[in-house]
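Shown next, in structure tokens, is the structure this report addresses.
There are 2 protein chains.
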Amino acid sequence: ERGRYAAPGEDQLALFLNARRRTGVDGAQPGTGTRAPGLWQLHDTFILAQTGTGLAVIDQHSAHERILYEALLAAFELESPAAQELVFPRTYTLGPSEWLAWEENAGLLARLGFRLEPFGDRTLALHAVPDLGPRFHPEDSFPQLLQDLANGAVPGASQHHRIASALACRGAIKAGQPLAPEEMDRLCSDLFATDLPAADVHGRPAIIQIRLEDLARRFDRG
Amino acid sequence: ERGRYAAPGEDQLALFLNARRRTGVDGAQPGTGTRAPGLWQLHDTFILAQTGTGLAVIDQHSAHERILYEALLAAFELESPAAQELVFPRTYTLGPSEWLAWEENAGLLARLGFRLEPFGDRTLALHAVPDLGPRFHPEDSFPQLLQDLANGAVPGASQHHRIASALACRGAIKAGQPLAPEEMDRLCSDLFATDLPAADVHGRPAIIQIRLEDLARRFDRG
Chain A
1 ERGRYAAPGE DQLALFLNAR RRTGVDGAQP GTGTRAPGLW QLHDTFILAQ TGTGLAVIDQ
61 HSAHERILYE ALLAAFELES PAAQELVFPR TYTLGPSEWL AWEENAGLLA RLGFRLEPFG
121 DRTLALHAVP DLGPRFHPED SFPQLLQDLA NGAVPGASQH HRIASALACR GAIKAGQPLA
181 PEEMDRLCSD LFATDLPAAD VHGRPAIIQI RLEDLARRFD RG
Chain B
223 ERGRYAAPGE DQLALFLNAR RRTGVDGAQP GTGTRAPGLW QLHDTFILAQ TGTGLAVIDQ
283 HSAHERILYE ALLAAFELES PAAQELVFPR TYTLGPSEWL AWEENAGLLA RLGFRLEPFG
343 DRTLALHAVP DLGPRFHPED SFPQLLQDLA NGAVPGASQH HRIASALACR GAIKAGQPLA
403 PEEMDRLCSD LFATDLPAAD VHGRPAIIQI RLEDLARRFD RG
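Which chain is which? The protein sequence lines are A and B, in order.
Just so it is clear: in the first sequence, position 56 is 56 by the working numbering, and no numbers are missing.
Numbering-wise, the working numbering comes out as the position in the second sequence, counting from 1, plus 222.
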């Protein structure tokens with residue numbers, strides 16, 4: 001069953017180059033506009049891309065998750081990570097275990113760019129969040145993050161990894177969200193700039209390949 | 223292995239409706255332009271289309287072959303099938319068996335819209351050909367058609383079927399030919415107007431389906 005789709009690898013470069021060509025990074029586009037390989041969104045869930053040997057299918061959630069995960073880990077290393085001031089501070093009233101999770105992780109969250117203030121009786125006011133692009137809204141997933149940390153259900157080599165992983169998973173673009181062509185371009189470019197583009201933070205594939213020869217075989221032309 | 227891709231059927235209607243929606247046949251397009259399901263050409267060989275349950279992959283050659291085959295069979299029934307006058311008549315010098323094949327099939331070829339005149343010493347001048355759209359150039363495949371008929375290699379229930387089959391196979395759009403979006407639209411609409419859209423003239427699939435649940439399984443999300 002696995003053999004039906006090749007693991008990414010030799011083809012990733014081709015995909016990346018296609019994405020660069022489309023965005024004009026490498027200069028002029030070939031003359032025949034309609035022939036340029038594109039990025040296509042399928043069911044608002046997968047991004048399809050023509051590669052040198054066939055078709056790559058990218059799970060948009062897994063891809064964004066991987067991008068956010070690595071960006072959050074990198075943010076821990078920064079002097080002052082990019083933060084986004086919220087126009088209207090959000091307040092959260094927490095359960096006892098979530099409050100405990102916040103107290104335990106307040107320092108690490110601050111290092112990511114979260115600016116939080118206790119606001120009486122297990123309530124927090126959130127004033128700023130890590131800024132990792134227009135599609136990432138950590139203020140929406142903040143209570144889920146605390147739940148995940150309170151549950152201890154997030155695996156990770158360290159608390160840094162656990163926070164990055166939980167926040168990436170909760171905050172990433174979901175299946176069913178339509179993306180503009182430029183957003184797909186950006187997502188693919190960012191994905192291929194990560195250390196491990198082929199896998200999401202849970203170790204599941206972020207990309208599968210469907211080779212032309214597999215398609216030809218399905219058409220009884222193999 | 224077959225189970226990986228569902229046979230077309232329940233989903234064909236969805237595909238057809240998508241195609242109609244795109245071409246505006248059914249009226250207004252939904253407001254969100256980027257969400258409209260599209261038709262995408264992969265490696266200038268396959269047409270990809272979003273369907274209700276996943277992705278349909280259409281072999282452009284098989285699809286055009288099926289369309290031409292049924293149109294040619296229908297042309298035999300017409301009083302005066304659509305013919306295209308050639309601006310510059312083409313001449314062909316034939317081998318003995320091809321010449322024989324022409325003599326045997328001259329009546330049927332004429333009924334399709336071929337207008338041929340002997341031009342001395344096993345040479346034919348071709349003045350008009352069946353007119354089945356801008357992508358069909360029977361004058362190019364005419365000598366191959368006579369070869370196929372001379373070889374007796376083309377199966378078919380009758381000589382009508384054999385001629386339609388050989389001419390469709392030789393004259394259909396090939397793999398590697400880029401298509402404009404309107405051409406893909408037209409090809410899909412025409413395919414779904416045939417009696418047997420799911421199969422080419424050799425009984426091979428013209429369409430395969432890749433279901434969302436199959437993709438999800440490949441991403442270990444099934």
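Quick reminder that beta carbons are idealized off the backbone N, C-alpha and C, glycines included.
All figures in this text were calculated on a predicted structure; none of them were measured in a lab.
Pair within 8 Å by beta-carbon distance, B:A350 and B:E299: Numbered from its first residue, the second sequence carries residue 350 of chain B at position 128. Numbered from its first residue, the second sequence carries residue 299 of chain B at position 77. Not in contact: B:A350 and B:E299 (Cβ atoms no closer than 8 Å).
Exposure of B:S284, with buried meaning 16 or more beta-carbon neighbours within 10 Å: For the purposes of this step, residue 284 of chain B is taken as residue 62 along the second sequence, with counting starting at 1. Label assigned to B:S284: buried.
Under 8 Å from the C-beta of B:P426: neighbouring residues of chain A: As a position in the second sequence, residue 426 of chain B is number 204, starting the count at 1. According to the sequence as given, residue 426 of chain B is Arg; it is not Pro. Neighbours of B:R426 on chain A, chain order: F219, D220 and R221.
Status (buried if at least 16 other CB within 10 Å, exposed otherwise) for B:L389: Start at 1 with the first residue of the second sequence, and residue 389 of chain B comes out as number 167. Classification for B:L389: buried.
Beta-carbon proximity of B:N327 to B:I385, cut-off 8 Å: Along the second sequence, one-based indexing puts residue 327 of chain B at 105. Along the second sequence, one-based indexing puts residue 385 of chain B at 163. The answer is yes: Cβ separation under 8 Å.
Close-in-space but distant-in-sequence residues of the same chain around B:D412 (CB under 6 Å, 5 per side omitted): Counted from its first residue, the second sequence places residue 412 of chain B at position 190. Taken in chain order, the residues that qualify are I289.
Close beta carbons around A:G31, own chain, < 6 Å, minus the five adjacent residues each side: Along the first sequence, read from residue 1 onward, the residue named residue 31 of chain A stands at position 31. Below a pLDDT of 50, predicted positions are generally treated as unreliable, and A:G31, at 36, falls in that range; no measurement from the model is reported.
Span of the alpha helix (DSSP H) around B:G342: Residue 342 of chain B sits at position 120 when you count from the first residue of the second sequence. Run containing B:G342: none; DSSP gives neither H nor E here.
B:A420 classed as buried or exposed, judged by whether at least 16 other C-beta atoms fall within 10 angstroms: Within the second sequence, numbered from 1, the residue matching residue 420 of chain B stands at position 198. Flag for B:A420 reads buried.
Nonlocal neighbours in the same chain, by C-beta distance under 7 Å from A:M184, ignoring five residues either side: For the purposes of this step, residue 184 of chain A is taken as residue 184 along the first sequence, with counting starting at 1. Hits under 7 Å: L39, Q41 and I47.
Cβ of A:D121 within 8 Å of any chain B Cβ: Taking the first residue of the first sequence as 1, we reach residue 121 of chain A at position 121. No, A:D121 lies away from the interface with chain B (no Cβ there is under 8 Å from its Cβ).
At least 3 beta-carbon pairs within less than 8 Å: the stretch 345 to 365 of chain B vs the stretch 305 to 321 of chain B: yes
B:P360 beta carbon less than 8 Å from that of B:G393: Position 171 of the second sequence, counted from the start, is the residue given in the question as residue 393 of chain B. Position 138 of the second sequence, counted from the start, is the residue given in the question as residue 360 of chain B. The answer is yes: Cβ separation under 8 Å.
Spatial distance of A:R211 from A:D220 (CA atoms): Locating residue 211 of chain A in the first sequence gives position 211, counting from the first residue. Locating residue 220 of chain A in the first sequence gives position 220, counting from the first residue. The straight-line gap from Cα to Cα measures roughly 14 Å.
Neighbour flag for B:V423 against chain A, beta carbons, 8 Å: Taking the second sequence and counting its residues from 1, one reaches residue 423 of chain B at position 201. No - not a single Cβ of chain A is within 8 Å of the one on B:V423.
Backbone secondary structure at B:Q263 - three-state DSSP: Here residue 263 of chain B is taken as the residue at index 41 of the second sequence, counted from 1. Three-state result, B:Q263: strand.
Under 9 Å from the C-beta of A:L196: neighbouring residues of chain B: Within the first sequence, numbered from 1, the residue matching residue 196 of chain A stands at position 196. Those do not exist, as A:L196 stays about 15 Å from chain B at its closest Cβ, beyond 9 Å.
Partner residues on chain A for B:D281, Cβ-Cβ distance less than 7 Å: For the purposes of this step, residue 281 of chain B is identified with residue 59 of the second sequence, where counting begins at 1. Per Cβ cutoff of 7 Å: F219.
Alpha helix (DSSP H) segments (min. 4 residues) lying fully within the stretch 165 to 222 of chain A: 181 to 192 and 212 to 218
Cutoff 8 Å: B:I385 Cβ touching any chain A Cβ: Against the second sequence, residue 385 of chain B aligns to sequence position 163. No - not a single Cβ of chain A is within 8 Å of the one on B:I385.
Residue nearest to B:C391 in terms of C-alpha spacing, selected from B:E404, B:L401, B:P400 and B:P377: In the second sequence, the residue the question calls residue 391 of chain B occupies position 169. Comparing Cα-Cα distances from B:C391 to each of B:E404, B:L401, B:P400 and B:P377, the minimum goes to B:P377.
Through-space distance from A:L126 to B:G249, alpha-carbon basis: Here residue 249 of chain B is taken as the residue at index 27 of the second sequence, counted from 1. Here residue 126 of chain A is taken as the residue at index 126 of the first sequence, counted from 1. In this prediction, B:G249 has a pLDDT of 32, which is less than 50 and means its spatial position is unreliable; nothing more can be read from the coordinates.
From A:P130, A:W99 and A:A175, residue whose alpha carbon lies closest to that of A:Q110: Within the first sequence, residue 110 of chain A is the residue found at index 110, counting from 1. The amino acid occupying residue 110 of chain A in the given sequence is Ala; Gln does not appear at that position. Nearest C-alpha to A:A110: A:P130.
N- and C-terminal bounds of the beta strand (DSSP E) containing B:D281: Here residue 281 of chain B refers to the residue found at position 59 of the second sequence. Residues G276 to D281.
Proximity winner among A:L116, A:I173 and A:D44, relative to A:P134 (alpha-carbon distances): For this step, residue 134 of chain A is matched to residue 134 along the first sequence. Considering only alpha carbons, the answer is A:I173.
A:H202 to B:P403 span [Cα, whole Å]: Sequence index remark: in the first sequence, residue 202 of chain A carries index 202 (1-based). Sequence index remark: in the second sequence, residue 403 of chain B carries index 181 (1-based). Approximately 39 Å between the Cα atoms of the pair.
Contact set between the stretch 278 to 302 of chain B and chain A, restricted to residues whose Cβ is under 8 Å from the partner: V279, D281 and S284
Neighbour-count burial assignment, A:A157, 16 or more Cβ in a 10 Å radius: Sequence index remark: in the first sequence, residue 157 of chain A carries index 157 (1-based). Looking at its Cβ environment, which holds fewer than 16 other Cβ atoms inside 10 Å, A:A157 is exposed.
Beta-carbon separation (whole angstroms), A:L112 vs A:A150, contact threshold 8 Å: Taking the first residue of the first sequence as position 1, residue 112 of chain A is located at position 112. Taking the first residue of the first sequence as position 1, residue 150 of chain A is located at position 150. Their Cβ separation, rounded to whole angstroms, is 18 Å, which puts A:L112 and A:A150 out of contact at 8 Å.
Closer than 8 Å to chain B by CB, A:W40: In the first sequence, the residue the question calls residue 40 of chain A occupies position 40. Taking Cβ atoms only, chain B reaches closer than 8 Å to A:W40, which makes this a yes.
Element boundaries [beta strand (DSSP E), containing B:F268]: Position 46 of the second sequence holds residue 268 of chain B. Looking at the DSSP string, the run of the beta strand (DSSP E) that includes B:F268 is F268 to T273.
A:I208 burial status per 10 Å Cβ neighbour count (16 or more: buried): Within the first sequence, numbered from 1, the residue matching residue 208 of chain A stands at position 208. Buried.
Sequence-distant residues of its chain with Cβ nearer than 8 Å to B:P318 (five each side left out): Within the second sequence, residue 318 of chain B is the residue found at index 96, counting from 1. Only R344 meet the Cβ criterion.
Cβ-based burial, B:L401 [other Cβ within 10 Å; buried from 16]: On the second sequence, position 179 is the one that residue 401 of chain B refers to. That one is buried.
Partners in chain A for B:L413, counting only beta-carbon separations shorter than 9 Å: For the purposes of this step, residue 413 of chain B is identified with residue 191 of the second sequence, where counting begins at 1. Under the 9 Å cutoff, chain A gives no residues; its nearest Cβ is about 14 Å from B:L413.
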